[in-house]
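S.K.: So the protein sequences, as listed, match chains B and A.
All residue numbers for the first sequence refer to the numbering used here, where the first residue is -15 and numbers rise by one.
All residue numbers for the second sequence refer to the numbering used here, where the first residue is 20 and numbers rise by one.
We treat Cβ as the ideally placed atom computed from N, Cα and C, and that holds for glycine.
Okay, handing you the structure first.
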Amino acid sequence: MAEILCPECGKSNTDELETCRFCQAPLKPIDDALPDWLGDLQHSEPEQPTETSSTGEVGGLEADLFGVTSDSDLPDWLRQSATPPKSEIHAPPAPASTDPTEETPDWLAALSSLPEPKALPPSKVPAQGSAVPAEKLPDWLANLGEAQNPDIPLEEPPPVPFDGVETPDWLTSLDNVPTDKPVEVVPAFTFNEEEDAELLVGGEDQPLSTLPDWASQITSEQTEVLPPEPIEPGLVPEELPGWLIAMRPVESVAPTAPLEDLSGTDVVSAGPLIGLRGVLSAEPDALKSRKPVSYSLKLHVTDDQRSRLVLMEELLASELTPKPLPAQPVLTPQNIFRLGIALALFLPVLFMMIRQSLSVPLPSMETLPGVQDFYNELVDVAPETPVLLAIDYEAGFTGEMEVGARAVVEQLARQQAYLVLMSTNTTGPALAERLLTEIAIAPGKPYPNAVNLGYLPGGALGLAELVLSPRQSLPYTLNAIDPWVLPSLTSINTLSDFSLVIVMTNDAETARAWIEQTSPALQANGVSLLLVTSSQAEPLVIPYTSGALPQVQGLLAGLPGSVLLEHRTGVASNGSGMWDAFSLSLTISALMILIGSVSGVVITALKEGKPETKKQPGRKSEPKQEQS
Amino acid sequence: MNLEQLSQWADPIGAVIGFVLTLMVLSYVIGDNFLFRIAIHIFIGVASGYAAVIIFYNIFWNQVILPLLLVFLQGAPSGLLVSLAHILPVLLLGGWMLTKASPRLARLGTPVLAFLVGVGAATVIGGALFGTLIPQVAATAGVLDLDAAPDDTGKLVGWFISSIFILVGTVTTLSYFQFGVRPHIEGAIPTRHPFFESMATIGQGFIAITLGVFFAGVLAAALVALVDRARFLWQVIQSIFL
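Shown next as structure tokens:
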């Protein structure tokens, strides 16, 4: 089998093949009617750019016809011919070269001696002649030529005189090929920009004319289907798995980047980039001064917002409107229960007062050892000895405190002690005056050997100052008299100069402040500190009365201690009359507490039993809920 | 009607006013009512007014104004200097303290307030330390001092039991307030040592008994007040109608 070489790639192919198996180029000429040299000419002719001047002169036409093909390629008859073939030349000859130094070949010189053809008007410049017949052109190219210059009729060029040389047969047959379709000329440039753009697009298609004939037979759909690459023997093409295909980069999926559509962009109208499209303008609109937008100050309120505002105003107005409390019934179970307890306590007490009972025995000195110590300190006070009495109980505790206080003051008055009364409570001075007035030794008149120094401010600080300097802490009496000039008080410079200090208070904190601030100084100087307290302060004060060195030498706590001191001193007071009523009310209170506690336990047990019975059906329903 | 005749009527008038006010307060038995609220308002107003008068008269007048007046009236320059040395610091600090009444000048009174709080805290803490804590600890530590034990055998047993009771009560009560614990096992809930837990339980019983004693004292004081009011009412009724 003979082999032939591919004219395109030069590789060997069998002569049976019509196209190269490597580059798919035709191995044999399609048109057998054309000779080889003409086929080569047919291939090389469109590669030369065609220039058509605006004046209608055809530039480079000679180069197309004669410059490409060398003299050696031309046959003798053609070399001697003075005129080109009629079918190929439809335009006037190109102007002479502007370079006089350029050497003109001989054949061109002979050609220039020929008479110039008649010049055509610029608008009627015929299209450049194509070496390929119109029938050989693809339809799209033929249509493109018709679309570009549909109105330009092709004029038959004037007959060229023939020099009588015999024309070969093939050329004669070639002349007989009808040229129905006019060959259109694409101008090199126009002054219309739109036409330039169209020409650029068409210009890209121009090289198609350089394709071989076999390529013109391929349709557009066929060109998209690329033939499979030749597989070398011994290599088996592998198929990529799906997961590997999915892992391919996106760029491989999208072979071409999307082009930006600049059709909608603005054309730059000023600056060095004027006329360009799709670039940033040198004068952006943002920098252009414009009139500021005026906004309305009026608040736009919708109907919904207005209704909400009205509702809010109504709510605020209703908050300020006083609402009457719901009337509660007077006889509620709670009020009845409270009234019953009050009557159970008050009526026995009133009965004992009316009856003036003294049947309940008084407590003994053994049960209240602090009272005996208290009494012993009282009776040791010498006449005209200054004794400090601190009246620090509240007015609400006068019923309890005055029993013991009156017994103490009356006992001191009996002993002609000089009483100095003061208080760290604002109501104390008035209670001190009341106490001095009501003692039995001078009914209706204040006790003469006594001064009321009034109120000592500062709490613990005031007490600390009182320990150091009573003269500065309490310089004047309630009557604005300087007591420290009196004979009984001239020797008083510190708190320890008093022979006895007695504090009467119902508050444990006040008692503790007195003990903490004064007991160290008093203990150091051997001065006794006595306390008269209420029953509620007794548990906190008792520890200060015990121990090897008690800080409080005597305690009179509550009504029992006061009644016992009253009985011990023989002072007639109200304590004994209150003792029976107090004992009875205390017993009734204890019984009521006991009954109430038992009742509470029973009621609580009954209430706890009811929920358990109620929970039982609920427990049955729980599994139902779980099942559901 | 002279002053002496008027003073004779003071006690009956005061007794009637007291009688009415007492009934108004006792009307709370039937619930909160108008009479009870009026009586409470009267008591609060009278107590506040009387306190203001006492403070002004007993302190501002007697301790500030009166000493200066006496010095000027007596014409003793030496006494004036002594009085000024005593009064001026009080006036200066007192006036400085008044800046706390103004929101704009409140910061100016901070030094005086700091001085007052500092001195007060030092006084109270010192008094609590030397007046309560140390003496009470010493007394508790000496409850079993045999030198202080009574000679009588019968009293000795009672003294010993009482001392043991005081000691156990003090220790167990303090053990109840021991809240510092640490976990014995990693990740377990921290609990007290079983020994301290049992001690705390005993101390909790002592605390409950102590609170019961406090309540009994309050109840006793209230019952005494009730008895006193009942006696007052009966005395007024007896003096008027009988």
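Kindly list the residues whose CB is nearer than 8 Å to the CB of A:Val266, restricted to its own chain and excluding five residues on each side of it in sequence; keep chain order.
M.R.: Residue coverage of chain A in this structure runs from 20 to 261, which leaves residue 266 of chain A outside it and unanswerable.
S.K.: What is the rounded straight-line gap between the Cα of B:Ala391 and the Cα of A:Val232?
M.R.: Cα to Cα, the separation comes out at about 26 Å.
S.K.: Would you mind working out which of B:Ile587, B:Gln501 and B:Thr571 sits nearest B:Gly443, comparing C-alpha positions?
M.R.: B:Gln501
S.K.: Does B:Pro370 come within less than 8 Å of chain A when only Cβ atoms are used?
M.R.: It does not; no Cβ of chain A falls within 8 Å.
S.K.: Please name the residues in the stretch 321 to 338 of chain B whose beta-carbon is closer than 7 Å to at least one beta-carbon of chain A, in chain order.
M.R.: Arg322, Leu323, Ala326, Leu329, Phe330, Val333, Leu334, Met337 and Ile338
S.K.: What is the rounded straight-line gap between the Cα of A:Val101 and the Cα of B:Asn477?
M.R.: 17 Å
S.K.: For B:Ile(-12), does the three-state DSSP call read helix, strand or coil?
M.R.: strand
S.K.: Do three or more CB pairs link the stretch 364 to 373 of chain B to the stretch 484 to 497 of chain B at distances below 8 Å?
M.R.: Three or more beta-carbon pairs drawn from the stretch 364 to 373 of chain B and the stretch 484 to 497 of chain B are found closer than 8 Å, and the two stretches are therefore classed as touching.
S.K.: Where does A:Phe184 land, buried or exposed, given buried means 16+ other C-beta within 10 angstroms?
M.R.: exposed
S.K.: If I'm right that A:Leu127 touches B:Ser573 with Cβ under 8 Å, what's the distance once you round it to whole angstroms?
M.R.: That pair is no contact at about 55 Å.
S.K.: Suppose contacts are defined by Cβ-Cβ distances below 8 Å. Is B:Asn433 in contact with B:Pro413 by that definition?
M.R.: no
S.K.: Let me know the secondary structure DSSP gives A:Pro169 once reduced to three states.
M.R.: coil
S.K.: Just to confirm the assignment, what range does the alpha helix (DSSP H) spanning B:Pro523 have?
M.R.: Glu522 to Val525
S.K.: Below 8 Å on C-beta distance, what does B:Arg418 contact in chain A?
M.R.: Those within 8 Å of B:Arg418 in chain A number zero; the least Cβ separation is about 11 Å.
S.K.: Can you give me the start and stop residues for the beta strand (DSSP E) that B:Ala366 sits inside?
M.R.: Unbroken run through B:Ala366: none, as it is neither H nor E.
S.K.: Please report the distance separating the alpha-carbon of A:Gln27 from that of B:Glu417.
M.R.: Straight-line measurement puts the Cα of B:Glu417 at about 17 Å from the Cα of A:Gln27.
S.K.: How long is the line joining the alpha carbons of A:Leu112 and B:Thr410, rounded to whole angstroms?
M.R.: 23 Å
S.K.: For B:Gln456, which of A:Ala104, A:Leu230 and A:Ala241 has the nearest alpha-carbon?
M.R.: A:Ala104
S.K.: Taking DSSP as the reference, what is the three-state secondary structure of A:Arg201?
M.R.: Three-state DSSP puts A:Arg201 in coil, outside helix and strand.
S.K.: I want to see whether chain B comes within less than 8 Å of A:Leu42, judged by CB atoms only; does it?
M.R.: no
S.K.: Assign B:Cys7 to buried or exposed, taking buried as 16 or more other Cβ atoms, counted over all protein chains shown, within 10 Å of its Cβ.
M.R.: exposed
S.K.: Chain A beta carbons: is any one of them nearer than 8 Å to that of B:Tyr431?
M.R.: no
S.K.: At 8 Å on the CB atoms, spell out the chain A contacts of B:Leu405, in chain order.
M.R.: By Cβ distance, chain A contributes nothing, its closest Cβ being about 13 Å from B:Leu405, past 8 Å.
S.K.: Taking buried to mean at least 16 other C-beta atoms within 10 Å of its own C-beta, is B:Thr571 buried or exposed?
M.R.: exposed
S.K.: For B:Ser247, which option in B:Leu403, B:Arg261, B:Ala397 and B:Gln399 has the closest C-alpha, if you only look at C-alpha atoms?
M.R.: Comparing Cα positions, the closest option is B:Arg261.
S.K.: Whose C-beta lies closer than 8 Å to the C-beta of B:Leu(-11) among residues of the same chain, with five residues either side of it excluded?
M.R.: Within the same chain, and ignoring the five residues on either side of B:Leu(-11) in sequence, the residues whose Cβ sits closer than 8 Å to its Cβ are Lys(-5), Ser(-4) and Asn(-3).
S.K.: Residue range of the alpha helix (DSSP H) that B:Gly510 falls in?
M.R.: Per DSSP, B:Gly510 belongs to no alpha helix (DSSP H) and is neither H nor E.
S.K.: Could you compute how far the alpha carbon of A:Ala249 sits from the alpha carbon of A:Leu132?
M.R.: 47 Å
S.K.: Apart from the five residues on each side of it in sequence, which residues of its chain come closer than 6 Å, Cβ to Cβ, to A:Ile157?
M.R.: In the sequence under discussion, the amino acid at residue 157 of chain A is Ala, which differs from the Ile named in the question. Answer for A:Ala157: no residue qualifies.
S.K.: Of all the options A:Gly188, A:Leu163 and A:Val190, which has the alpha carbon lying nearest to the alpha carbon of A:Gly299?
M.R.: Residue 299 of chain A lies beyond the range of chain A shown here (20 to 261); nothing can be said about it.
S.K.: Show which residues of chain A have a CB atom less than 7 Å away from the CB atom of B:Met349.
M.R.: Result: empty, since nearest Cβ-Cβ is about 16 Å, beyond 7 Å.
S.K.: Could you tell me the distance, in whole angstroms, from the CA atom of A:Gly139 to the CA atom of B:Met337?
M.R.: 48 Å
S.K.: If you run the structure through DSSP and keep just helix, strand and coil, what is B:Leu548?
M.R.: helix
S.K.: Name, please, each residue of chain A whose Cβ falls closer than 9 Å to the Cβ of B:Pro523.
M.R.: Thr229, Val232, Phe233, Ala235 and Gly236
S.K.: Which residues bound the beta strand (DSSP E) around B:Ile486?
M.R.: Leu484 to Thr489
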